[in-house]
Every structure is written in C-alpha cells, then in structure tokens.
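Participant:
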Amino acid sequence: MNNTKNSKLIKTLTICASVIASISLVIFLFALNLKVTVINPDFYKNNLQKADTYNQLLSTGIPSLITNTKISEDAATNLIAQQGIIFIVQKAIPASWVQQQTENLIDQIAKFVQEPHANPVVTLKLDNLNVYTSQISDGLTVLEQIIPSCTDSQNENSQLKQLLNVSIDCKNMTYNLDDIKKSIANARDQINKVESNSVNITNEVQQAYNAFVTFQSLIKNISIYLWTSLIIFILMIVAIIYMQYKNTSALIRSLSYPFLISSIVVFIVASVAKTPATILTEQLLTLNINSSIQNIINNLVRVSVTDLFAQLQLTSGVIALLSIVALVVTWYLFHRNKK
71 MNNTKNSKLI
81 KTLTICASVI
91 ASISLVIFLF
101 ALNLKVTVIN
111 PDFYKNNLQK
121 ADTYNQLLST
131 GIPSLITNTK
141 ISEDAATNLI
151 AQQGIIFIVQ
161 KAIPASWVQQ
171 QTENLIDQIA
181 KFVQEPHANP
191 VVTLKLDNLN
201 VYTSQISDGL
211 TVLEQIIPSC
221 TDSQNENSQL
231 KQLLNVSIDC
241 KNMTYNLDDI
251 KKSIANARDQ
261 INKVESNSVN
271 ITNEVQQAYN
281 AFVTFQSLIK
291 NISIYLWTSL
301 IIFILMIVAI
311 IYMQYKNTSA
321 LIRSLSYPFL
331 ISSIVVFIVA
341 SVAKTPATIL
351 TEQLLTLNIN
361 SSIQNIINNL
371 VRVSVTDLFA
381 QLQLTSGVIA
391 LLSIVALVVT
401 WYLFHRNKK
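Take 71 as the starting number for the sequence shown in the working numbering and just add one per residue.
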C-alpha cells in the first residue's frame, strides 16, 4: 500500500517537475534567442549583408539624402537626374566606407539600448565625408557638362548613352534637357553645402527606442530571465533524475517530454508570430525620415525578424527531433524487453 502511494507521489512530482521544466525551457530558448539576436550588434551587422543594405544605401539612400528625394517636378526629368547622381555617388563613395560608418552606428545604438539611462549620445560619424562630397561635386559638374542642350543633342550623344543608358530625341521626349542640367546643378549646390563630419541622431534613436516601450524591461532584464530559467530548468531535471533513476525507461521518457513539449511550443509560436512581428516592427520603426531610407530600414527589419524566428524554429526543431528519437528508442527497448 505504501509502495503504491509512494509510486503515485513520485509520478505526480515527476509530472510537476516536467511541467515546470518545460515552461523554464520555453523561457530560456526565447531569452537566449533574444540575447544572441535583438541585443547583439553582430546580428544586425550580418543581416545588413543579407539585406544588401550597403548597396541600397549607395543606390538610393545616400542619393536621396543629397537630392531630398525629389529634385524636379517633372517625373522623367527627376528620373534622369537621379540616375546620374546615383552613378556619381556609387563611383565616389566606397562600399567599405558605408559599411564602416554603419557598423559604428550599430555599436553606438547597441550601447544606447543597453544603457538607456546613462544618456549616451549617438553620433553618425562621417570620416572623410568632405573628400567624397568633393568627388561627387566634381562628378556632377562633369555630368552637367556632358548633358547637351536640345540644339546640341541633334548631334550624336554617345557619351550620355554610355553613361546613363538614355537616348535623347528632343522632338519626341517629354522632359527638358535644361531642367535636367538645372536639377543636377541644384544637387551639386546641396553637396557643396555639406560640411559636417558627424551628425547627432540621438533624438531619432530615442524615438525608435521609445516605440518599443513594452519591450524595454524585457531587453533590460534579459540576462535575469536567461539565467533564472536555466537554473530552474536544471533543478527540475536533477529532481526528475533523482526520482526516476531506478527506472531507466521512465527516466528517459520523463526527461524527453519537457524537451519535446517546450520545443513544439517554441516552434509553433515562432511560426505563427513571424509575420505579425514583422508588421508590428515596421510600424514601430516608421520614423520621420525620407521614404528611401525608410524603405531600407523596412527591408532590414524584414530580414532581421525572419532570421530571428528562423533561428528559433531551427533550434526548437532540432530539440524536438532529438526528443522524438529518444522516445522512440525508449518505446522500442521497453517493448523488446517485455517480449
């Protein structure tokens, strides 16, 4: 009678320990994933490469800052001038320089997020900017000179064709060459006015950080959640081993269930939450900036959120697979021994 009661008590305690272990492991997996992704600067640096952010900055981001996105009221004129400016920017500014400035900015933002009450200043350092703006200005001057007037365009314009892949036919075209030349001159004037080698963007970072007010406490205390859940999980596993060590089959099952249940929960949550999380993050990071830069940010958000949940799915999937294998082996051994 006492043995039966003890057996039921041990079974009940084992189930309780398994439930607590499962919950702890779920929290640990999410906390660990956030630790190595959301608050890890290297995570964003890697995703900048995956999202092709540096090339986007050179092809649309930086030119849009130079030209304020729209440099002419006429759409065709604006397009031609933009193509020329993009070409000049790509030739003048090395992609390695853009990468260096961006990664430096990410390190500063990471420090801001980790120490929001220390009043850190986030500054976009633009070392050698004057050198590159001078090169862009010279390039725009050359481009302006290359573009012919309508009178000159009656002659062969192979230079412009080679440079911008645009053929000029003044009789049929809907844009004015003089407007294009004027737009490029205006862009050059804007470039010549750029003198600062650094830009303080603390307010913009603060705006984005405040948008995630719900997650600030979680990010700040992520290490507490990580280590607390891990310690509780280990204690429950030790308790299960202590209660079931005499029965190998029951021990393996009791250890496998917390891993299997928690991994399935994490996998389902990661699969379901990916799309809503992407949409919510894009909404929260809608800033008061020009559309080209906003589009680059949105693209990075989509890549980063997808990568974040993909890592969760991979980790939980591997754990679930190993747990299922352990349960199948245990079931096979149990039935073989019965025979």
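For glycine and all other residues, C-beta sits at the position ideal for the given N, C-alpha and C.
Do Ala101 and Tyr295 have their C-beta atoms closer together than 8 Å?
Facilitator: Yes, Cβ-Cβ distance for Ala101 and Tyr295 is below 8 Å.
Participant: Of the choices Thr172, Leu95, Ala162 and Ile97, whose alpha-carbon is the least far from that of Val111?
Facilitator: According to the sequence provided, residue 111 is Pro. The question's Val does not apply to it. Nearest option by C-alpha distance: Thr172.
Participant: Taking the alpha-carbon positions, what's the Ser77 to Asn291 distance?
Facilitator: Their Cα atoms are separated by approximately 40 Å.
Participant: Nearest CA to the CA of Gln119: which residue from Gln169, Ser361, Pro164 and Phe157?
Facilitator: Nearest C-alpha to Gln119: Gln169.
Participant: Using three-state DSSP, classify Tyr315 as helix, strand or coil.
Facilitator: If DSSP states are grouped into helix, strand and coil, Tyr315 belongs with coil.
Participant: Look at the Cβ atom of Ser434, then the Cβ atom of Ser88, and state whether they are nearer than 8 Å.
Facilitator: Residue 434 lies beyond the stretch modelled for the chain, which goes from 71 to 409, so this question has no answer here.
Participant: Round the Cβ separation of Ser393 and Leu330 to the nearest angstrom and send it over; I've been treating them as touching at under 8 Å.
Facilitator: Going by Cβ atoms, the distance from Ser393 to Leu330 rounds to 4 Å, so yes, they are a contact pair.
Participant: Confirm, please, whether the CB-CB distance from Thr84 to Met313 is below 8 Å.
Facilitator: Going by C-beta atoms, Met313 is nearer than 8 Å to Thr84.
Participant: Could you tell me the distance, in whole angstroms, from the CA atom of Ile179 to the CA atom of Val371?
Facilitator: In a straight line, the C-alpha of Ile179 is about 15 Å away from that of Val371.
Participant: Measure the C-alpha to C-alpha separation of Trp32 and Phe303 and round it to an integer number of angstroms.
Facilitator: There is simply no residue 32 to check, as the chain begins at 71 and stops at 409 in what is shown.
Participant: Report yes if the CB atom of Thr123 is closer than 8 Å to the CB atom of Ile301, and no otherwise.
Facilitator: In this structure, Ile301 does not lie closer than 8 Å to Thr123 by Cβ.
Participant: When the Cα of Leu213 is compared with those of Asp377, Leu175 and Ser253, which residue comes out closest?
Facilitator: The shortest Cα separation from Leu213 among Asp377, Leu175 and Ser253 belongs to Ser253.
Participant: I'd like the list of long-range same chain contacts for Thr348, defined as Cβ closer than 8 Å, with 5 residues on each side in sequence excluded.
Facilitator: Cβ neighbours of Thr348 beyond the five flanking positions: Val371, Arg372, Val375 and Thr376.
Participant: Do Val335 and Val159 count as a contact pair if the criterion is CB distance below 8 Å?
Facilitator: No, the Cβ-Cβ distance between Val159 and Val335 is not below 8 Å.
Participant: DSSP state of Ile109, grouped into three classes?
Facilitator: The answer is coil: DSSP assigns Ile109 none of H, G, I, E or B.
Participant: Which first and last residues belong to the alpha helix (DSSP H) in which Thr123 is found?
Facilitator: Here the alpha helix (DSSP H) through Thr123 covers Thr123 to Gln126.
Participant: Given this structure, state the Cα-to-Cα distance separating Thr203 from Ile156, to the nearest angstrom.
Facilitator: Cα-Cα distance, rounded: 13 Å.
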